[in-house]
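A quick write-up on the structure given underneath.
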Amino acid sequence: MSARDRETIEALARVAAALDGAVLGLGTAALAVASLGKYLAASGALRRIAEAPAVAIPDLRYSFLAGLRDGESRLAAVRGIVRSPPGGTFLTPPGSREHCVVTRHTQTCLFGEWRGIFGWTFDLHALFFKSLKEQIITSSRWVSFGLVDPASEKLREMVHVKFDGPVHQSLPLTTVYHKLIPVEQNSYTLFQTIVGNGYPIALLDEEKILPIGKEITAIGLCRLKNQNVEISLCPDLPYFLSDLTKGEMEAEMSSRARLFFWVTVALGTVSVGLLGHAIYRLWERVKRHREAREAQERFHEADNEDDAGENGSDDEPGEMGDGQLCVICLRKRRRAAFVPCGHLVCCCNCAKRVELLDEPLCPVCRQDIQYMLRVYDS
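Now the structure itself:
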C-alpha cells in the first residue's frame with residue numbers, strides 16, 4: 001500500500017472516530033437518507049411502470065389515444081421492431097456494415113497500478129475517485145426511427161421515437177467494435193511508478209449501435225402529433241428503450257426497491273446505534289464533569305473550613321510515621337484522596353497545587369486526576 005493510501009486511511013479513521021463515533025454516525029445517517037431517497041424513487045417508478053398499460057402498436061391510434069387532442073399524452077409501454085421511417089435515413093458505423101439508427105463511440109483510458117516487489121495492488125483513491133482513474137470520452141449520433149408491430153411490421157402503423165434531449169437512461173445497444181490499444185511507455189511512466197501513482201496502460205475503443213430490426217420495448221409518454229403517434233421518455237422512469245419486457249422491468253424495479261429498503265433499514269439501525277452511543281458517552285462525560293466539579297467544590301469548602309484548625313492541631317512531622325506524611329512536602333498529614341486511582345498520598349495544600357498543573361497526575365501511579373476527596377480521621 002502506498003504512503004498516500006496509508007495517510008488517507010489514517011485520516012478517515014481519525015475522522016470516523018471523532019466525537020465518540022458521532023461523525024461516523026452522522027455519515028451513516030446521511031447514507032441512510034440517500035438510500036431512503038433511492039428507495040422512494042424506485043418505489044414510485046415501480047408504481048408508474050405497473051400502472052402503465054402494455055399496448056399493441058396497432059391499438060395506439062384508434063383505441064388507446066382516442067379522444068386525446070394534439071399535445072396530450074398518456075403513459076404506455078409498447079414493444080416493437082426498430083425501423084427507419086419511410087424516406088428516412090440510417091447510419092453505418094465504421095468497421096461494421098450493419099445499418100443502425102443510434103451509434104455511441106466510447107474511448108476509455110485505462111490506468112494501472114504498480115505490482116512491484118511490495119505486492120500491493122490496492123488503490124484506495126481509485127475507489128473514491130474512479131472517474132480520475134478512467135478517463136472516458138463518449139460521442140453519440142442518432143437519426144429518426146420508430147417501432148413497428150412484430151406481428152405485421154407494416155410501416156403505416158409506426159410509433160415514432162422522439163429524443164427531446166440527452167437520454168440519461170441506458171439504451172439497448174449492441175457492441176460491434178471493441179479494441180484494446182496498448183499505450184507506449186515512457187520516462188514519465190517510470191516516474192509515476194516510483195511515486196506510486198497510476199499510469200496509463202491502454203486505450204479501450206468501443207462502438208455500440210442500435211441496429212435496425214432489433215425488437216425492443218419503449219415505455220414513455222405517447223401522444224398524437226401531426227397524425228403520427230410519438231413516444232418520448234418520461235423523466236420519472238429509469239427506462240425508456242430496453243431489451244426487457246414490461247414484466248421484466250417490474251421484476252427488476254421490485255428487486256431494486258427491496259434492496260434499497262433493506263439497505264436503508266441496516267444503515268438506519270447502525271446510525272441510530274452509533275449516535276445513541278455517542279450521546280450516551282457525551283452524557284456520561286457531562287455527568288462525570290458535574291460530579292467532579294461538585295466534589296472539588298466540597299473539597300475546597302471543607303479544606304477552607306478546617307484550614308485553621310488543621311494548622312493548629314496537626315501533629316509534628318516527627319510524631320507521624322512515613323506512611324502518614326505527604327509525599328510532596330513531607331510536612332503535613334495526608335488528607336486528599338485522588339479519584340479515580342484512590343491514592344491517599346498528599347495533603348490538601350499540595351493536592352491543590354497538583355490540581356493547578358496543566359496535566360494533573362497522581363504522584364504515585366501517574367494516572368489522570370478527575371477530582372479529589374477530603375479524608376477525615378475516624
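The UniProt record's numbering numbers the first residue of the sequence shown as 1 and each following residue consecutively.
Glycine is no exception: its CB is placed at the ideal position from the N, C-alpha and C atoms.
- DSSP places G146 outside any alpha helix (DSSP H); the residue lies instead in the beta strand (DSSP E), whose first and last residues are 145–148.
- Secondary structure of L180 (DSSP, three-state): strand.
- Our two residues, M249 and A41, have alpha carbons roughly 15 Å apart in a direct line.
- The continuous alpha helix (DSSP H) containing I49 extends over residues 22–51.
- The C-alpha of G88 lies about 16 Å from the C-alpha of L210.
- Burial is judged here by how many other beta carbons sit within 10 angstroms of a residue's own beta carbon; L330 has fewer than 16 and is exposed.
- Two segments are said to touch when three or more pairs of C-beta atoms, one from each, lie closer than 8 Å; by this definition the region 72–92 does not touch the region 284–303.
- In this structure, the CA atom of R74 is about 38 Å from the CA atom of L267.
- Beta-bridge partners assigned by DSSP to K162: S232.
- Sequence-distant Cβ neighbours of T103 in its own chain, meaning closer than 6 Å and more than five residues away, are L91, P93, R141, I209.
- In the DSSP assignment, R285 forms no beta bridge with any residue.
- In chain order, Q169, I219, M249 place their CB closer than 7 Å to the CB of Y239, counting only its own chain and leaving out the 5 sequence neighbours on each side.
- Straight through space, the alpha carbons of N228 and P235 are spaced by roughly 22 Å.
- For M372, the pairing in a beta bridge is given by DSSP as F338.
- Within the same chain, and ignoring the five residues on either side of C350 in sequence, the residues whose Cβ sits closer than 6 Å to its Cβ are C326, I328, C329.
- In the displayed model, L275 falls within a helix according to three-state DSSP.
- In this chain, R353 is not harboured by any beta strand (DSSP E); it is covered by the alpha helix (DSSP H) spanning 348–355.
- Secondary structure note for V78: its beta strand (DSSP E) is the uninterrupted segment 73–83.
- Spatial neighbours of A22 in its own chain (CB-CB distance under 6 Å, excluding positions within 5 residues in sequence) are listed in chain order as A278.
- The continuous beta strand (DSSP E) containing E215 extends over residues 215–225.
- Taking one beta carbon from each stretch, the region 45–53 and the region 258–276 have fewer than 3 pairs nearer than 8 Å; the two do not touch.
- When the five nearest sequence neighbours on each side are left out, the beta carbons in the same chain lying within less than 8 Å of the beta carbon of K214 are those of I81, V82, P172, T174, in order along the chain.
- Annotated three-state conformation of L325 is strand, per DSSP.
- V101 sits in a strand when the DSSP states are folded into three classes.
- Between the beta-carbon of L244 and that of E252 there is about 7 Å, and that keeps the pair under the 8 Å contact cut.
- The beta carbons of G95 and Y177 sit closer together than 7 Å.
- The Cβ-Cβ distance between S232 and D164 falls below 7 Å.
- Per the coordinates, the alpha-carbon of K352 lies some 11 Å from the alpha-carbon of L373.
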